[in-house]
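Protein sequence lines, in the order shown, are assigned to chains Z and X.
Yeah, the first sequence ends on 579 if you go by our numbering, and it's all consecutive.
Yeah, the second sequence ends on 482 if you go by our numbering, and it's all consecutive.
Even glycine gets a Cβ: it sits at the ideal position worked out from N, Cα and C.
So the structure is just underneath, and the comments pick up after that.
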Amino acid sequence: MTDKPLLRVRGLTKHFPVRQGLRATGLVRAVDGLDFDVRPGETLGLVGESGCGKTTTGRMLVRLLEPTSGSIEFDGRDITHAGRRELRPLRQELQIIFQDPYASLNPRHTVGRIVAMPLQVNGIKPPGGIKARVQELLELVGLNPEHYNRYPHEFSGGQRQRIGIARALALRPKLIVADEPVSALDVSIQAQVVNLLRDLQRELGLAFVFIAHDLAVVRHFCQRVAVMYLGRIVEIGDRADIYERPQHPYTRALLSAIPDVTQLGPAGRIRLTGDVPTPLDPPSGCRFRTRCWKAQDICATEEPALIPRDGGRQATACHFPEGEGAGTSPEGEAAGTSPEPVAAGSVAEATVSGVEPAGRGAEANVEEVSS
Amino acid sequence: MSLSPVEGVALAEIESGTDPGGPATKGVVGRSPGQLAWLRLRRDRTAMVSGVLLVFFLLLGLAAPLIEMVYGIGPREQFQNLLDGFGMPLGYAGGVSGEHWFGLEPGLGRDIFIRLIYGLRTSLFIAFAAALITATIGIVLGALAGYLGGWLDAVINWITDLTLAMPFLIIALALTPTITLRFYGERGQVSSAFGVGVLIAVFAIFGWTSTARLVRGQVIALREREFVEAARASGAGLGHMLFRQLLPNIWAPILVSFSLAVPQFITSEAALSFIGVGLSDETPSFGRMIYRSLDFLQTDPAYVFFPGIMIFALVFAFNLFGDALRDALDPKSSR
Chain Z
209 MTDKPLLRVR GLTKHFPVRQ GLRATGLVRA VDGLDFDVRP GETLGLVGES
259 GCGKTTTGRM LVRLLEPTSG SIEFDGRDIT HAGRRELRPL RQELQIIFQD
309 PYASLNPRHT VGRIVAMPLQ VNGIKPPGGI KARVQELLEL VGLNPEHYNR
359 YPHEFSGGQR QRIGIARALA LRPKLIVADE PVSALDVSIQ AQVVNLLRDL
409 QRELGLAFVF IAHDLAVVRH FCQRVAVMYL GRIVEIGDRA DIYERPQHPY
459 TRALLSAIPD VTQLGPAGRI RLTGDVPTPL DPPSGCRFRT RCWKAQDICA
509 TEEPALIPRD GGRQATACHF PEGEGAGTSP EGEAAGTSPE PVAAGSVAEA
559 TVSGVEPAGR GAEANVEEVS S
Chain X
148 MSLSPVEGVA LAEIESGTDP GGPATKGVVG RSPGQLAWLR LRRDRTAMVS
198 GVLLVFFLLL GLAAPLIEMV YGIGPREQFQ NLLDGFGMPL GYAGGVSGEH
248 WFGLEPGLGR DIFIRLIYGL RTSLFIAFAA ALITATIGIV LGALAGYLGG
298 WLDAVINWIT DLTLAMPFLI IALALTPTIT LRFYGERGQV SSAFGVGVLI
348 AVFAIFGWTS TARLVRGQVI ALREREFVEA ARASGAGLGH MLFRQLLPNI
398 WAPILVSFSL AVPQFITSEA ALSFIGVGLS DETPSFGRMI YRSLDFLQTD
448 PAYVFFPGIM IFALVFAFNL FGDALRDALD PKSSR
C-alpha cells in the first residue's frame with residue numbers, strides 16, 4: 209500500500225430517471241455514492257447480488273455510462289466528464305472485458321479484425337505490423353495464432369472470452385475493468401480464464417476492477433474486496449479480512465451462502481428473508497436494515513458511514529459491526545472460514561436473495577426485521 | 148489456491164490451445180457468415196433456377212443494342228406493309244414469323260421482340276436505380292436514427308411518418324406532369340432520359356421509408372450488444388461504429404429488402420406507365436406496351452401476351468430469389 213492510487217473514485221453516483229410520458233416520476237438509484245481507490249497492479253473485487261449496481265459502476269469507470277455525480281480520477285486526471293477527444297489517450301490505458309462472450313464479439317469480423325480493432329480506431333501502428341501484434345496477443349491469451357482468420361462462431365465460450373481478453377490487452381492498458389468475465393462460462397473454464405487473468409496480471413502488472421457475484425472466484429483472484437448492497441459499498445478491505453473476519457452482517461450472510469462440499473445440509477447458512485428493496489425507493493438510514501437481524505432504531509434514522517476499522521485496512525458501513533462483541537450472531541459458523549470450496553460457488557446469488565420459501569421453517573433463524 | 152484441483156485440467160487445456168497445430172490445421176481459413184450463406188444458397192434449387200433466370204434477364208437488358216444488331220430490327224422501326232387495312236398484323240398470333248419473333252404491334256407495326264428487350268432494359272434500369280437510391284437513403288437515415296437516438300431519431304421518425312402518410316399515386320399523378328411541364332413547356336419534345344429520371348426520383352422520394360424503418364429497428368437491437376460497447380470503450384468514432392461494427396451485421400435483411408424492392412419498382416413503373424404518368428410512348432417499357440395492348444385485347448390477344456408473360460416471369464423470379472436469399476442468410480427463421 210505505497211504509492212498514489214491509479215484510480216480514485218469519490219462519491220460516484222448514477223441515477224436513472226424513470227419516465228412516464230414526459231414527466232420524470234422517479235429515480236432508480238443504481239449507484240449511490242461509491243468511494244474506492246485502485247492502486248497500480250492491484251485487483252479490487254466488486255461483489256454483491258444482482259441489481260446492486262456492480263455493472264453500472266464498471267460501465268461508468270470506462271465511461272460507457274455518464275455518471276450523475278461524483279468524480280473518477282485516473283492516473284491523476286479527472287475523467288468524470290471528459291469528452292471523446294480527451295478520453296482518447298486514456299482509452300488506451302483503461303479497457304473493459306465483458307460478461308457475455310457470445311455478445312461481445314462482432315459475429316461478422318474475423319478474430320484478427322476483432323483484436324486489431326482497438327489498434328485501428330486509435331491509429332496505432334505497432335512495430336512489425338498489426339497482424340504480428342495480433343498474433344502475439346492471441347498467443348499471450350493461449351489461443352492458436354493460426355486462428356487469426358477464423359470467425360467467432362467457430363470458437364467455444366472460453367476461447368471467445370480469451371479473444372475478448374486479447375482485445376482488451378491490445379492497447380497495453382494499465383487498468384482493466386472485468387465485468388463478470390467468467391460468470392457465463394463453465395466452472396472448469398472459469399478456472400482457466402481466471403488463472404489466465406492472474407498470470408497476465410503478474411506478467412504485465414495490470415490493475416483490475418473485477419466485478420463478480422461469485423465469491424470463490426473473487427477470493428481466488430482479488431487482493432482487495434468491496435461488497436456492494438443496493439448501490440452502496442457496505443464493506444471494503446483486504447481479502448483475508450473480508451473472508452475471515454467479515455464485519456458487516458450482509459458480508460457474513462453472503463459468505464455463508466457459499467456452498468460447501470465438505471458439509472451436508474444447510475449448516476451455518478444465514479438465510480436472509482425477503483427481497484432486496486427497490487432502488488426506486490431505498491430504505492431510510494442503513495439500506496440493509498430491512499433484512500438485517502441486528503437492526504435497531506438507529507439503523508432507520510441514521511445512515512452508517514463507511515468507517516475504517518482494524519487499523520484502517522477494513523472499512524465497514526454498519527452501526528453494529530461484527531467482531532465487536534455486541535453481535536447476536538446466528539447459529540453456526542460462516543462457510544467462509546471452513547475449508548476452501550473446491551468449485552466456484554456460483555449459486556451464491558440465488559441463495560442470498562432468499563427465493564426458497566419452502567425450506568424456511570427448518571432453518572429460518574433470521575426473520576425479516578421491519579421497523 | 149482454492150481452485151487448485153481444476154488447475155491441472157486448465158493448464159492442459161491451455162497447452163492444447165497453444166498447440167501450433169499439425170500440418171492438417173495449417174493455413175485453415177475460417178468461413179465467414181457470408182460464405183456460409185452462399186453455400187446454403189448454392190444448395191437451394193429454387194434460388195439457383197430463379198437466379199439463373201435473373202442473370203439471363205440482366206444480360207438481355209444489358210446486351211440490348213447487341214441483340215438489336217444481330218436481330219437487325221430497331222425498336223422504333225415500323226413495318227406498315229405487314230399490316231392489313233385495319234392496322235392489324237397479317238398472319239397468325241399477331242404476325243409471328245421468322246422475321247418478327249413475337250409479331251408486330253397493331254397500328255404502328257413495330258417489332259414486339261426488340262421493344263420487349265429494350266423495355267426490359269428500361270424497367271431493370273429504373274428498378275435497380277430506384278432500389279439503390281432508396282436503400283442508400285434508408286440505410287443512412289435508419290442507422291443514424293437508430294444509433295444516435297434522441298431528437299434526431301424523433302425527427303427522422305416524424306419525416307418517415309409524413310412520407311408514409313402522403314398518397315403515392317395521387318402525388319405521382321400530380322407531380323410528374325407538373326415537373327415535365329416546368330422543364331419542357333407545352334410543346335417541347337420530352338426526352339426519354341428525363342422521363343426515366345423523374346420516375347426514379349418519384350420512387351426515391353417515397354420508397355426509402357421501409358428500409359429506414361428496418362435498419363433503425365436492427366440498429367437499435369444491436370446498439371446495446373456488448374461488441375458495440377467494446378468498440379465504444381476503445382474510442383471508436385461514429386463512422387467506425389456505423390459502417391464497421393453495425394452495418395456488416397444487418398446486410399442480410401437489407402439485401403433481402405433490396406431484392407424484394409426491385410420487382411416492386413418494376414411493377415410500379417409498369418403501373419405508372421399504364422396510367423400514363425410514367426414514360427412517354429417513345430421509350431419502350433412494359434407498362435406502356437400493356438397499356439396500348441388493352442385496346443386490342445379482343446382482336447390481337449398475342450400483343451398483351453408477350454409483355455404480360457415477360458413482366459410476370461421477371462417479377463416472379465425476383466420474388467423467388469428474394470425469398471431464397473432470406474432463407475440462406477437467416478437459416479433459423481422458419482419459412
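Check	Outcome
For residue 387 of chain Z, which residues from the same chain have a beta carbon less than 7 angstroms from its beta carbon, with the 5 sequence-adjacent residues on both sides left out?	263, 266, 304, 305, 306, 307, 419
List, from N- to C-terminal side, the beta strand (DSSP E) runs of 3 residues or more that fit wholly inside the stretch 430-475 of chain X.	none
State whether the stretch 430-450 of chain Z contacts the stretch 266-277 of chain Z, with contact taken as three or more CB pairs (one from each stretch) at a distance under 8 angstroms.	no
Among the candidates Z:413, Z:349, Z:478, Z:490, whose CA atom is the shortest distance from the CA of residue 248 of chain Z?	Z:413
Of all the residues that make up the stretch 363-383 of chain X, which are near chain Z by a beta-carbon distance shorter than 7 angstroms?	372, 373, 374, 376, 377, 378, 379, 380, 381, 382, 383
Between which residues of its own chain and residue 227 of chain Z is the CB-CB distance below 8 angstroms, once the five residues before and five after are set aside?	233
Return helix, strand or coil for residue 393 of chain Z, following the three-state DSSP convention.	coil
Looking only at C-alpha atoms, which of Z:528, Z:522, Z:487, Z:301 sits nearest to residue 236 of chain Z?	Z:487
What are the complete alpha helix (DSSP H) segments, minimum 4 residues, inside the stretch 242-299 of chain X?	259-295
So which of Z:289, Z:275, Z:397, Z:433 has the shortest CA-CA distance to residue 253 of chain Z?	Z:433
Between residue 400 of chain X and chain Z, is there a C-beta pair that is closer than 9 angstroms?	no
Would residue 257 of chain Z and residue 462 of chain Z be called neighbours here (beta carbons separated by less than 9 angstroms)?	yes
Which partner residues does residue 387 of chain Z have in the DSSP bridge list?	Z:419
Could you check whether the Cβ of residue 577 of chain Z sits closer than 9 angstroms to any Cβ belonging to chain X?	A caution first: residue 577 of chain Z carries a pLDDT of 38, below 50, which makes its placement in the model too unreliable to give a value.
In the DSSP assignment, find the beta strand (DSSP E) that holds residue 369 of chain Z and state where it starts and stops.	Note, residue 369 of chain Z: premise wrong, no beta strand (DSSP E); alpha helix (DSSP H) at 365-377.
Please list, in chain order, the chain X residues whose beta carbon lies closer than 7 angstroms to that of residue 450 of chain Z.	Within 7 angstroms Cβ-Cβ: nothing; residue 450 of chain Z doesn't reach chain X, min ~14 angstroms.
Any beta carbon from chain X within less than 9 angstroms of residue 263 of chain Z's own beta carbon?	no
Check residue 490 of chain Z in the structure and name its three-state DSSP category.	coil
I need the straight-line Cα distance from residue 426 of chain X to residue 227 of chain X, nearest angstrom please.	24 angstroms
Closer than 7 angstroms between beta carbons: that is the criterion. Which residues of the stretch 275-305 of chain X meet it against chain Z?	none
Which residues in the same chain have their Cβ closer than 7 angstroms to the Cβ of residue 312 of chain Z, if we skip the five residues on either side of it in sequence?	306, 372
Along the beta strand (DSSP E) that carries residue 477 of chain X, what are the first and last residues, could you check?	First-last for residue 477 of chain X: undefined, no H or E at that position.
Note down, in chain order, all residues in the stretch 368-379 of chain Z with a beta-carbon under 9 angstroms from any beta-carbon belonging to chain X.	370, 372, 375, 376, 378, 379
So with Cβ pairs under 9 angstroms, would you call residue 496 of chain Z a contact of chain X?	no
Measure the alpha-carbon distance for residue 322 of chain X versus residue 198 of chain X and round it to whole angstroms.	36 angstroms
Could you list which residues in chain X have their beta carbon closer than 7 angstroms to that of residue 325 of chain Z, in chain order?	378, 381
With distance defined between alpha-carbon atoms, name the residue in Z:456, Z:225, Z:231 nearest to residue 501 of chain Z.	Z:456
Please name the residue in Z:511, Z:435, Z:496, Z:490 whose C-alpha comes closest to that of residue 244 of chain Z.	Z:435
Give a yes or no on whether the minimum CB-CB distance between residue 178 of chain X and chain Z is below 9 angstroms.	yes
Anything in chain Z within Cβ reach of residue 395 of chain X, meaning under 8 angstroms, just list it in chain order.	314, 316, 317
Count the other CB atoms within 10 Å of the CB of residue 472 of chain X; is the residue buried (16 or more) or exposed (fewer)?	buried
When the cut-off is 9 angstroms and only beta carbons count, does residue 304 of chain Z lie next to chain X?	yes
Quick check: is the beta carbon of residue 468 of chain Z nearer than 9 angstroms to any beta carbon in chain X?	no
Is the Cβ of residue 359 of chain Z closer than 9 angstroms to any Cβ of chain X?	yes
In chain Z, what lies closer than 7 angstroms to residue 392 of chain X by C-beta?	314
Using C-beta distances below 8 angstroms, list every residue in its chain close to residue 311 of chain X, excluding the 5 sequence neighbours before and after it, in chain order.	356
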